[in-house]
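Enquirer: Pasting a structure below so you can have a look.
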Amino acid sequence: MTTHQDAPPECPAHDPSQDARGPGGVMRMHSPVFQSDPAELYRALRREHGPVAPILLDGDIPAWLVLGYREVHYVTTNSELFARDSRRWHAWDRIPSDWPLLPYVFHTPSVLFTEGAEHQRRAGAITDVLSQVDQFELRATAEKVADELVDGFAGSGRAELMADFASQVPLRVMAGLFGLSPDETTALEQDMTDSLDDSPEAIQAYMRIHAAMSRLLERGRENPGPDVASRMLAHPAGLEEEGIIQDMISIIAAGQQPTSNWIGNTLRLMLTDDRFAVTLSGGRRSVGQALNEVLWADTPTQNFIGRWAARDTLLAGRRISKGDCLVLGLAAANTDPEVQPDFSAGSVGNQAHLSFSHGEHRCPVPAPEMAEVIARAAVEVLLDRLPDVMLTVPAAEVHWRPSIWMRGPVALPVDFTSI
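Dropping the structure here:
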């Protein structure tokens, strides 16, 4: 990776304690600055470096953060130049066995890291399996789950919507698709959270998820049914078992945590923004707008690691060396001032965001549709059942999860008229 100038002290991204900056003044992505106000940090990095900024990952491992909308679009479109096979990385000799980000970058025979014909084979199988999910049945299931959850706290007049609702709806819906028992579902929730946070527990949590998916695969082999594992095993692509396990991990991870945060971020917007408060009791008239706006302004997946340069190249004037790691700044790209819609001016239908990535390695086609069905059902049921729901804390006291990868509230405490 090329050298760069130190950040000037007056730069808004400068941390007086210097903890946020590593050797050469490069911003540490795992510093609290990223977690406390990422939007301002993205703006500061864009001012300092342009659309592609040098950063340091955990352990001061160098990488590039792609901030610009056009640059993220270019990287994800050119999968041969900016490839997904992490074995191309030239930094593996510096990565310890307990590195917190290892679950994100360790090469597995899954759809995430395969390329070319093999990737098309795996992605095609996943698309086929997810396409078998009936959208109307999915909506009905999500509504039933949401209603049951509201029933659980409706009589108390108060709730914490992240733990009691937003995290539970997609988890229980996905559990049904995977054939998970209630006990398995409860254990999986915490493991999913730990594995996606920059946490010391990430690797152990990932291993427990792997074990859970292995059990589901064995169950699907012995007693085939309409669950995801059985359908993956029966698919004519003839996928090997370890690859299926890895793909199942990818599917359930993408279906649970991001959808949970999409629900939470949408509820936060609708409960704190006067533009939505006007029609809050009606709910349905503004839920679609809120869901779309959140994908632009507070996308559930902030950053995604990564792409690895297949050869020396230039990106936005930066010299990218063969084997360099690039982190896709999805949140930064969506808030790029050159492309971000002006929602206050009525830009409610623009869905050109990059929240589900882009190109060959974007989310499989049915996945965003399924996530939207679940998220919309959850928000609409809650607002229909509890039309006077209100936050019990000021908007400024709704804190975000300490994650550089995912974006969601820690808690959404609310009051409402008990029913």
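Residues in the sequence shown are numbered consecutively from 1, following UniProt numbering. By construction, the Cβ of each residue, glycine as well, lies at the ideal position given by its N, Cα and C atoms. Here the structure is a predicted model, which is why all the values come from computation and not from measurement.
(1) Would you identify the three-state DSSP class for M406, choosing helix, strand or coil?
(2) Count the other CB atoms, across all protein chains shown, that sit within 10 Å of the CB of M370; report buried if there are 16 or more and exposed otherwise.
(3) Which one of Q190, S250, L330 and I203 has the shortest CA to CA distance from M213?
(4) Terminal residues of the continuous beta strand (DSSP E) containing R46?
(5) Rounded to a whole number of angstroms, what is the C-alpha to C-alpha distance between E242 and T392?
(6) Nearest-angstrom Cα distance between G323 and G50?
(7) To which residues does DSSP link D415 through a beta bridge?
(8) Going by DSSP, what residue range makes up the beta strand (DSSP E) through V111?
(9) Among the residues of its own chain, which have a CB less than 8 Å from the CB of D147, if the five just before and after it don't count?
(10) Secondary structure at R88, three-state DSSP: helix, strand or coil?
(11) Enumerate in chain order the residues of its own chain whose CB-to-CB distance from V169 is below 6 Å, with the five nearest sequence positions on each side excluded.
(12) Taking only three categories from DSSP, how would you classify A277?
(13) From the DSSP output, in three-state form, read off T335 for me.
(14) Does the distance from the CB of P38 to the CB of E240 come in under 8 Å?
(15) Note down the Cα distance separating L314 from I320, rounded to an integer number of angstroms.
(16) Jot down the residue ranges of each uninterrupted beta strand (DSSP E) in the stretch 286-320, minimum 3 residues, whole runs only, in chain order.
(17) Touch check for the stretch 147-156 and the stretch 245-264: three-plus C-beta pairs under 8 Å?
(18) Leaving out the 5 sequence neighbours to the left and right, which residues in its chain are closer than 8 Å to L412 when beta-carbon positions are compared?
(19) Exposed or buried, which one is E80 when buried takes at least 16 other CB atoms within 10 Å?
(20) With a 10 Å radius around its C-beta and 16 neighbouring C-beta atoms as the bar for buried, classify G408 as buried or exposed.
(21) Closest Cβ-Cβ distance between I95 and chain D: below 8 Å?
(22) Pull up the distance between the alpha-carbon of V414 and that of V389, whole angstroms please.
(23) Output needed for G59: all residues of its chain with C-beta closer than 8 Å, excluding positions within five of it in sequence on either side, in chain order.
(24) For A367, which option in L130, E48 and V26 has the closest C-alpha, if you only look at C-alpha atoms?
(25) Look at the Cβ atom of E115, then the Cβ atom of A142, and state whether they are nearer than 8 Å.
(26) CA-CA distance, W308 and L112?
(27) Going by beta carbon distance, what residues of the same chain come within less than 6 Å of R311, once the five residues before and after it are set aside?
(28) Does the contact criterion of 3 or more C-beta pairs under 8 Å hold for the stretch 328-335 versus the stretch 294-308?
(29) Tell me the rounded alpha-carbon separation between A202 and E189.
(30) Thinking just about the alpha-carbon of each residue, which of I374, R122, G155 and G359 is nearest to the one in S418?
(31) For V26, which residues in the same chain have their Cβ closer than 6 Å to its Cβ, ignoring the five residues on either side in sequence?
(32) With 16 as the cutoff for other CB atoms within 10 Å, does V66 come out buried or exposed?
(33) Express the C-alpha separation of L383 and D274 in angstroms, rounding to a whole number.
(34) Closest to V105 by CA distance: which of G306, A375 and N78 is it?
(35) Given a cut-off of 8 Å, decide if D191 and A175 are closer than it, judged by their beta-carbon atoms.
Expert: Based on what the coordinates show:
(1) Here residue 406 refers to the residue found at position 406 of the sequence shown. In this structure, M406 counts as strand in the three-state DSSP scheme.
(2) Here residue 370 refers to the residue found at position 370 of the sequence shown. The residue in question, M370, is buried, as its Cβ has 16 or more Cβ neighbours within 10 Å.
(3) In the sequence shown, residue 213 corresponds to position 213, counting from 1. It is S250.
(4) Within the sequence shown, residue 46 is the residue found at index 46, counting from 1. No beta strand (DSSP E) contains R46, which is instead part of the alpha helix (DSSP H) from P38 to H49.
(5) Here residue 242 corresponds to residue number 242 of the sequence shown, with the count starting at 1. Here residue 392 corresponds to residue number 392 of the sequence shown, with the count starting at 1. Straight-line Cα distance between these residues: approximately 47 Å.
(6) Mapped onto the sequence shown, residue 323 falls at position 323. Mapped onto the sequence shown, residue 50 falls at position 50. The alpha-carbon atoms of G323 and G50 are separated by roughly 22 Å.
(7) Position 415 of the sequence shown holds residue 415. Note: D415 sits in a beta bridge opposite R158 and M390.
(8) Here residue 111 refers to the residue found at position 111 of the sequence shown. V111 -> no beta strand (DSSP E), and no H or E assigned at all.
(9) Here the question's residue 147 lines up with position 147 in the sequence shown. For D147, where only same-chain residues beyond five positions count, the Cβ hits under 8 Å are V381 and R385.
(10) Here residue 88 refers to the residue found at position 88 of the sequence shown. Residue state, collapsed to three classes: helix.
(11) By one-based count along the sequence shown, residue 169 stands at place 169. Contacts found: V145, A146 and A378.
(12) On the sequence shown, residue 277 is found 277 positions in, with the first residue counted as 1. Reduced to three states, the DSSP call for A277 is helix.
(13) By 1-based counting over the sequence shown, the position of residue 335 is 335. In this structure, T335 counts as coil in the three-state DSSP scheme.
(14) The residue given as residue 38 occupies position 38 in the sequence shown. The residue given as residue 240 occupies position 240 in the sequence shown. Contact: no.
(15) By one-based count along the sequence shown, residue 314 stands at place 314. By one-based count along the sequence shown, residue 320 stands at place 320. Between L314 and I320, the C-alpha separation is close to 6 Å.
(16) 303-309, 313-315 and 318-320
(17) no
(18) Counting from 1 along the sequence shown, the entry for residue 412 is found at position 412. Excluding residues within five positions, the ones whose Cβ falls inside 8 Å are E160, L161, M162, A166, G264, L267, R268, L271, L391 and V398.
(19) Within the sequence shown, the letter at position 80 stands for residue 80. Counting Cβ neighbours within 10 Å, E80 comes out exposed, since fewer than 16 surround it.
(20) Taking the sequence shown and counting its residues from 1, one reaches residue 408 at position 408. So G408 ends up on the buried side.
(21) Absent from the structure: chain D. Only one protein chain is present.
(22) Taking the first residue of the sequence shown as position 1, residue 414 is located at position 414. Taking the first residue of the sequence shown as position 1, residue 389 is located at position 389. Approximately 6 Å, taken between the alpha carbons.
(23) The residue given as residue 59 occupies position 59 in the sequence shown. If we look at G59 and ignore the five residues flanking it on each side, its Cβ neighbours are R94, I95, P96 and W99.
(24) On the sequence shown, position 367 is the one that residue 367 refers to. For the residues L130, E48 and V26, the minimum Cα distance to A367 belongs to L130.
(25) Here the question's residue 115 lines up with position 115 in the sequence shown. Here the question's residue 142 lines up with position 142 in the sequence shown. For E115 and A142, no; Cβs fall outside 8 Å.
(26) Taking the first residue of the sequence shown as 1, we reach residue 308 at position 308. Taking the first residue of the sequence shown as 1, we reach residue 112 at position 112. In a straight line, the C-alpha of W308 is about 13 Å away from that of L112.
(27) Within the sequence shown, residue 311 is the residue found at index 311, counting from 1. Around R311: K322.
(28) yes
(29) Counting from 1 along the sequence shown, the entry for residue 202 is found at position 202. Counting from 1 along the sequence shown, the entry for residue 189 is found at position 189. Going from the Cα of A202 to the Cα of E189 covers about 13 Å.
(30) The residue labelled residue 418 in the question sits at position 418 within the sequence shown. Nearest option by C-alpha distance: G155.
(31) In the sequence shown, the residue the question calls residue 26 occupies position 26. Excluding sequence neighbours, V26 sits near P54 and L56.
(32) Within the sequence shown, the letter at position 66 stands for residue 66. V66 comes out buried.
(33) The residue given as residue 274 occupies position 274 in the sequence shown. The residue given as residue 383 occupies position 383 in the sequence shown. Answer to the nearest angstrom: the Cα atoms are 16 Å apart.
(34) In the sequence shown, counting from the first residue as 1, residue 105 sits at position 105. Checked all of G306, A375 and N78; the closest Cα to V105 is G306.
(35) To locate residue 175, count along the sequence shown from 1; it is residue 175. To locate residue 191, count along the sequence shown from 1; it is residue 191. No, these two residues do not count as a Cβ contact at 8 Å.
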